[in-house]
Each structure stands twice: as C-alpha cells, then as structure tokens.
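S.K.:
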Amino acid sequence: MAAPSDIPNIDDFPDITSFDLPNDTFFAWDDPHDDVALNAYLDKRHRHGEASREYLLGDKPYPVEVVARWHAFNFPWSDTPPPADRRPVPAAVLDSAFANPHSIITITLTHPINTGIPASSQVWQGTIHASPASPRVTSSTETLGAPTVLKLFVESALGPPWQFAPDRGLDQGFWPFSGKQARAEARAYACMRALQGKEVPWSYGFYCLRLPYGELAYAHAMELVPGEPMRSVCLRDAPPALVWPLADAMAACLHSLTLCGVLQGDVDKRNMILAPPDAAQSVVFVDFNLAGPVRVCSTDRGVEIVMLINDIGGIVRALREMEVPLPLIGAWLEDRGRAVPSPPWIGLFLLADQAVPNWYEALSVTLANADHQCCHETQRTAENVPYRHNQQQKEKPRSSS
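All residue numbers for the sequence shown refer to this note's numbering, where the first residue is 41 and numbers rise by one.
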C-alpha cells in the first residue's frame with residue numbers, strides 16, 4: 041500500500057533550468073518591445089500568413105530547403121548502440137555522415153499528419169538523409185533516407201500573440217515565436233536522453249527550413265513511431281483488464297518524464313501513441329513544444345504544484361476522452377494505491393492529494409459536468425434538426441406560390 045514515504049518532494053526533481061543547451065543561439069527570436077516593432081512584426085506575419093495558405097491548407101507535400109542545422113550531435117546512440125529495450129534506429133541515421141557537421145541534410149515531406157491554420161505546428165511524415173553530395177532542395181516525389189516525422193514550427197500559422205495571453209502587456213514578451221517553441225522542445229529532448237526510443241521518440245535533430253514562399257521555420261525531425269494515435273482509441277465498455285494496464289502505462293510514462301525534470305505541458309490523448317502489442321513500451325508521449333521544468337529556482341512552489349497537477353490530471357482527462365467511465369478511473373487509482381508494492385508513479389497522485397486535497401474529486405465533477413453539457417448539446421442538436429427540416433418542408437409550398 042502506498043505510504044507517505046512514496047510522496048516525492050518537488051525539491052528532489054532535477055532542475056533543468058540550469059541545463060546549458062548546446063549552441064543555444066541557434067534558436068533565435070526577437071520580441072517586439074515597442075509599437076513600431078510590433079507593427080513590423082505583425083505585417084511580416086500577415087504577409088507570410090497570406091502566402092502560406094496555398095501550402096498549409098492543402099494536403100500536398102511541398103519542397104523545403106535546409107538552411108541551418110542545430111549543431112548538437114551528441115545523439116543517444118552516438119557512442120554505443122541503442123539498448124535492447126529501445127526501438128531500432130534507422131541505418132540512415134546511424135550512418136556516420138548523419139553526425140558530421142559538414143554533411144548536407146535533405147528533408148522531404150511525403151504525407152501530412154496534422155496540418156492546418158491556425159496550429160502550433162505542422163506535422164508531416166517524411167524522410168531525412170545526410171550526404172556530402174545530396175541536393176538541398178528536393179521534389180515531393182523523392183523517398184531518400186530514413187523515415188521520419190517532421191514537426192514544423194511555422195510562425196505565421198500560429199494565432200496572434202493576444203490570442204494566447206490577452207491579459208498580458210507588450211512588455212511581458214509572451215509571444216508564440218517558432219524559435220521559442222522549438223527551443224522548449226529541444227531542451228526537453230536533451231533532458232530526456234534516457235527516454236528516447238522508449239517513452240518518447242528518438243530525436244534526429246533540429247533544423248531551420250526555408251518554406252516555398254520564403255518564410256523560415258524551425259523543424260524537429262524525429263522517429264516515426266510505429267503504432268496508433270491515441271486520439272483514435274475508444275475504450276467504451278472495455279473491461280478493467282484492458283483499461284487499467286493502459287492507464288498504468290500512461291501514468292508510468294508521465295512519471296518517467298518528471299524524473300527527468302520535465303513537465304510535458306499538454307498531457308492529452310492527441311499527444312500519445314499506442315504502440316503495437318509486442319512493443320516493450322506500450323505508450324509513447326509526443327509533442328513537447330509547451331514543455332517546462334518540474335522545478336525552477338524559486339522559493340514559491342505553488343505554481344509548480346499547479347502545473348504538475350495539470351499534467352497528472354491530463355492522464356485522467358485522456359482516459360475520459362477515450363470514454364472510460366469516471367468510476368472505473370477512480371477504481372483504478374484506488375486499486376493501485378492499495379497495491380503492495382505500489383507502482384512508483386502513484387507518488388505523483390499522492391503529491392497532488394497532499395498539495396490540493398480532493399483535487400481528483402474536483403476534477404471528476406468538472407469532467408462530469410462537461411459530459412452532461414456535451415450530452416445536452418447533442419440532444420438539443422438532434423431535437424432541432426428534424427424541426428428545421430419540417431419547417432423547411434412547410435415553407436416550400438409557400439415560397440413556390
């Protein structure tokens with residue numbers, strides 16, 4: 041049974057804010073500090089936004105040019121082969137040319153995964169290849185190199201700054217710059233080296249790309265993880281024998297992140313992959329552009345606790361989005377809390393209980409109310425559709441007379 045000794049202390053988590061990111065100047069952005077700079081910035085975003093629609097609103101691949109590469113080549117597999125419990129690394133990435141700073145990188149987009157406007161990123165399936173002689177610009181038909189997922193941080197596709205923080209002034213510097221989001225993801229992956237190829241995808245590096253209409257965008261190339269997007273998983277009427285092991289894997293994955301000092305920042309079923317049944321790791325977390333530290337250099341732990349509880353609550357919300365009933369989720373947590381020995385991740389939930397008593401009950405009420413509202417909206421829509429249809433039928437003779 042879980043005991044108070046199982047509850048972690050915030051001060052025991054790694055402080056990743058003191059981590060020196062190699063070649064940090066690669067991720068650059070310039071916050072507007074006055075109205076003139078703001079207007080110039082918004083004008084540029086508007087021009088790029090208009091030009092980007094042809095590409096970002098379609099589903100056809102477009103050529104990209106690699107103009108710069110983040111020179112951080114200490115990949116987890118650089119010195120020794122990946123451990124046996126990790127997913128394999130493609131041969132094209134293991135090749136010595138890939139870690140050579142003088143090699144030319146070719147990136148090709150092939151299939152859209154999650155694209156559109158507005159969006160925090162444009163996600164594509166594609167290929168990546170390193171060669172001293174490869175062309176920098178490729179056609180959309182080439183299939184050279186290792187399969188990869190390309191996450192493009194396209195600044196003009198993000199919402200306007202005030203959409204993210206309407207209550208903050210210009211001097212707060214809270215802007216959705218692509219460099220800022222790419223840097224957050226790069227820091228998270230650097231701190232999660234021990235998890236790459238298991239709880240999170242392998243990272244193949246960060247790049248600066250020139251898009252067809254001239255805009256520069258940061259991009260993260262990473263492993264194409266085999267499996268099914270969790271957003272398509274439905275567990276309605278599934279028994280505990282199926283639901284609870286999956287919930288265990290989700291919670292264990294989150295726990296592994298926190299042990300690296302990383303908060304995912306957006307724990308959601310959209311940001312998880314369900315691996316094949318024979319995989320050593322059944323759940324993989326993706327999308328870390330909103331990642332932050334579990335612990336910061338501060339004496340006030342209130343904000344940190346709230347952010348940690350938000351990530352913990354994300355597990356519960358994700359299960360509910362997969363239509364797992366709230367009583368079944370509660371029974372899972374109660375069962376795991378009574379287990380001997382209890383799973384290591386249960387300490388996160390105990391920490392949440394200690395910091396905010398009855399947080400789970402409050403979250404359950406919120407989710408139940410959301411379920412009720414959704415059900416009410418669905419019923420109201422269903423009731424209104426035939427009414428509108430009948431009204432149109434009645435109006436037809438009148439309009440034709």
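Backbone N, C-alpha and C define an ideal beta-carbon position, used for all residues, glycine too. All values derive from a computational prediction rather than experimental measurement.
1. Spatial neighbours of Pro269 within its chain, please: CB distance less than 7 Å, with the 5 preceding and 5 following residues excluded, ordered by chain position.
2. Check Trp385 in the structure and name its three-state DSSP category.
3. Please name the residue, chosen from Glu361, Cys274 and Pro103, that lies closest to Ile147 on a Cα-to-Cα basis.
4. Using only alpha-carbon positions, find the residue among Leu82, Asn63, Pro62 and Phe59 that is nearest to Asp70.
5. Can you check whether the CB of Met232 is closer than 7 Å to the CB of Lys163?
6. With distances taken between CB atoms, is the gap from Gln221 to Phe193 smaller than 7 Å?
7. Give the DSSP-derived three-state secondary structure of Glu401 in the structure shown.
8. Under 8 Å, with one C-beta from each stretch per pair, do the stretch 344-362 and the stretch 386-398 reach the 3-pair mark?
9. Could you check the C-alpha separation between Val334 and Gly199 for me, to the nearest Å?
10. Please return the same chain residues whose Cβ sits closer than 8 Å to the Cβ of Glu363, not counting the five positions on each side in sequence.
11. Would you decide whether Leu282 is buried or exposed? Buried here means 16 or more other CB atoms lie within 10 Å of its CB.
12. Would you say Ala410 lies against chain C (beta-carbon separation less than 7 Å)?
13. Going by DSSP in three states, Glu263 sits in which element: helix, strand or coil?
14. Using CA atoms only, rank isn't needed, just tell me which of Thr188, Pro128, Tyr400 and Asn63 is closest to Ala319.
15. Can you tell me which residues form a DSSP beta bridge with Glu344?
16. Which residue or residues does DSSP assign as beta-bridge partners of Gly254?
17. Taking all protein chains shown into account, do 16 or more other C-beta atoms lie within 10 angstroms of the C-beta of Pro381, making it buried, or fewer, making it exposed?
18. Which residue from Trp110, Ala291, Ala261 and Ser322 puts its Cα closest to that of Asn140?
19. With DSSP collapsed to three states, give me the class of Pro116.
20. Would you decide whether Gln394 is buried or exposed? Buried here means 16 or more other CB atoms lie within 10 Å of its CB.
21. For my contact list, His73 and Tyr253 are in at a C-beta cut-off of 8 Å; report their separation, rounded to the angstrom.
M.R.: The answer reads as follows:
1. Excluding residues within five positions, the ones whose Cβ falls inside 7 Å are Ile313.
2. Trp385 carries a coil assignment under DSSP once its states are collapsed to helix, strand and coil.
3. Residue nearest to Ile147 within the set Glu361, Cys274 and Pro103 is Pro103 (criterion: CA-CA distance).
4. Nearest option by C-alpha distance: Leu82.
5. The sequence shown places Val at residue 163, not Lys. In this structure, Met232 does not lie closer than 7 Å to Val163 by Cβ.
6. Their beta carbons are under 7 Å apart, which means Gln221 touches Phe193 by this criterion.
7. Helix at Glu401.
8. Yes: the two stretches touch, three or more of their Cβ pairs being nearer than 8 Å.
9. Separation of Val334 and Gly199 (C-alpha to C-alpha, rounded to the nearest whole angstrom) is 27 Å.
10. Here the set comprises Cys274, Leu275 and Arg276.
11. Around the Cβ of Leu282, a 10 Å sphere holds fewer than 16 other Cβ atoms; the residue is exposed.
12. In the structure shown, chain C cannot be found, because there is only a single protein chain.
13. Correct three-state label for Glu263: coil.
14. Ranking the options by Cα distance to Ala319, first place goes to Pro128.
15. According to DSSP, which records beta bridges pairwise, Glu344 is partnered with nothing at all.
16. BP columns for Gly254 are empty, so no partner.
17. By the neighbour-count rule (16 or more Cβ atoms within 10 Å), Pro381 is not buried but exposed.
18. Between Asn140 and the set Trp110, Ala291, Ala261 and Ser322, the nearest pair of CA atoms involves Trp110.
19. Pro116 falls in the coil class under three-state DSSP.
20. So Gln394 ends up on the exposed side.
21. Not a contact, Cβ separation roughly 27 Å.
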